[in-house]
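In what follows, a single structure is set out as structure tokens and then discussed.
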Amino acid sequence: MRRPLLLEDKAALAGWREHMDAEGLQVGFVPTMGKLHEGHLALMRLALSDPDCDRLLVSIYVNPTQFRPGEDFAGYPRQLEADLDLLAELGVAACFAPSDETIYPAGDSTRVSVEWGRGKLCDVSRPGHFDGVVAVVARLFNLIRPRLAVFGQKDAQQALILRRLVRDLHFPLRLRLGPTVRESDGLAMSSRNAYLDHGRREQATALFRALEDCRRALQAGERDPSILAETGRAALAEEPGLELEYFAVVDPDTLEPPERVPESGKLLVACAARLGDARLIDNHVFSIGEDGIHETLLF
Ligand code: AMP
């Protein structure tokens, strides 16, 4: 298949975008930081199958503003050529791989931030991270003007924050989520899994196992969120060298634990842990109703 058109600056992107308008084609968008894996590719297939996407644009950009000092910005894996080959196989029309100056023009001084979610889950250990995420996503939305944008539920808090960004700033697009794609042993796929050596790669499945323990307790009838969270924490405590950041059972509307698991509604079970150089996150989202308890999408 043909490689996607590589667009590296604002003028090239604008030219392609005008061409889409002239042809009456709707643009679908999947933002990534590259080092593409099956999780990214599944989001792209979802976008390509969506009626709001006539042509798919994928961005590959390691956004400096979402990394905190001391985080892995410099070492984040980058492999544009290999990524372009993967995009070609899928039939992606264009790849936007901008420079920092393209995204953040010299003197850039306009801030976008979302208050919702502050002090919760990942924001505790990565304060400012989500401000960097909304900074880049808002700029990308304005540059690309997609009709559809697809994100992964693996980053659940990010997805919930972006839903508010789109609503509050009236971005004329539809957000769609894709489910978390996992390795055969349950580990959620992530570009950062490249940081795991053999031993740690095995240990990393502990997050999925803890989420599954929590699911079993829920399906067995446990309705106390603190006991459910303890179940997950206990599973993770068995793994030496794994430093738990949080294991939380929360209402996805508030990111706070409900008093009791609701009789109908959604429940987000999310966790984050450090393992050597890697910071791992994972979650399950359950819908609870008369027909039982099932994994579902946040929206
Ligand atoms: P990243 O390149 O890690 O910034 O991720 C780009 C997009 O892919 C985000 O919307 C992520 O939520 C999504 N994503 C990352 N890993 C997975 C996965 N294992 N399954 C589904 N989506 C994912």
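Be aware that the sequence shown starts at 26, since it is given in this note's numbering, and climbs by one per residue.
Even for Gly, the Cβ is constructed at its ideal location relative to N, Cα and C.
Here the structure is a predicted model, which is why all the values come from computation and not from measurement.
Under a three-way DSSP split, which group does Val294 fall into?
For this step, residue 294 is matched to residue 269 along the sequence shown. If DSSP states are grouped into helix, strand and coil, Val294 belongs with the strands.
What are the start and end residues of the beta strand (DSSP E) that includes Asp307?
Position 282 of the sequence shown, counted from the start, is the residue given in the question as residue 307. Looking at the DSSP string, the run of the beta strand (DSSP E) that includes Asp307 is Ala303 to Gly314.
Could you work out which residue in Ile318, Glu268 and Ala273 is closest to Leu305 when comparing CA atoms only?
Working through the sequence shown from its first residue, we reach residue 305 at position 280. Nearest of Ile318, Glu268 and Ala273 to Leu305, Cα basis: Glu268.
Between which two residues does the beta strand (DSSP E) holding Arg192 run?
Numbered from 1 along the sequence shown, position 167 holds the residue referred to as residue 192. Careful: Arg192 lies outside any beta strand (DSSP E), inside the alpha helix (DSSP H) at Ala181 to Asp193.
Taking the C-alpha atoms as reference points, what is the distance between Leu300 and Gly153?
For this step, residue 300 is matched to residue 275 along the sequence shown. For this step, residue 153 is matched to residue 128 along the sequence shown. Approximately 22 Å, taken between the alpha carbons.
Is His319 near the ligand AMP, with its Cβ less than 8 Å from a heavy atom?
Translated into positions along the sequence shown, residue 319 becomes position 294. His319 Cβ: outside cutoff for every heavy atom of the ligand AMP.
Measure the Cβ-Cβ separation of Ala295 and Leu146 and say whether it is below 9 Å.
Taking the first residue of the sequence shown as 1, we reach residue 295 at position 270. Taking the first residue of the sequence shown as 1, we reach residue 146 at position 121. It is a contact, given that the beta carbons lie within the stated cut-off.
Locate the beta strand (DSSP E) running through Arg226, then write down its first and last residues.
Taking the first residue of the sequence shown as 1, we reach residue 226 at position 201. First-last for Arg226: His223 to Gln228, but that is the alpha helix (DSSP H), not the beta strand (DSSP E).
Straight-line CA distance for Arg93 to Glu315?
As a position in the sequence shown, residue 93 is number 68, starting the count at 1. As a position in the sequence shown, residue 315 is number 290, starting the count at 1. Distance between the alpha carbons of Arg93 and Glu315 is about 44 Å.
Starting from Ser150, trace the alpha helix (DSSP H) both ways and give me its first and last residue.
Within the sequence shown, residue 150 is the residue found at index 125, counting from 1. It spans Cys147 to Ser150 - the alpha helix (DSSP H) in which Ser150 sits, taken as one unbroken run.
Contact check, Leu326 vs Leu168 under 8 Å by CB: the rounded distance?
Look at the range of the chain in this structure, 26 to 324, and you will see that residue 326 is not part of it.
Mapping DSSP to helix, strand and coil, what is Glu114?
Here residue 114 corresponds to residue number 89 of the sequence shown, with the count starting at 1. Note: Glu114 maps to helix in three-state DSSP.
Considering only the beta carbon of each residue, do Thr256 and Ala235 sit closer than 9 Å?
In the sequence shown, residue 256 corresponds to position 231, counting from 1. In the sequence shown, residue 235 corresponds to position 210, counting from 1. Yes, they are a contact pair.
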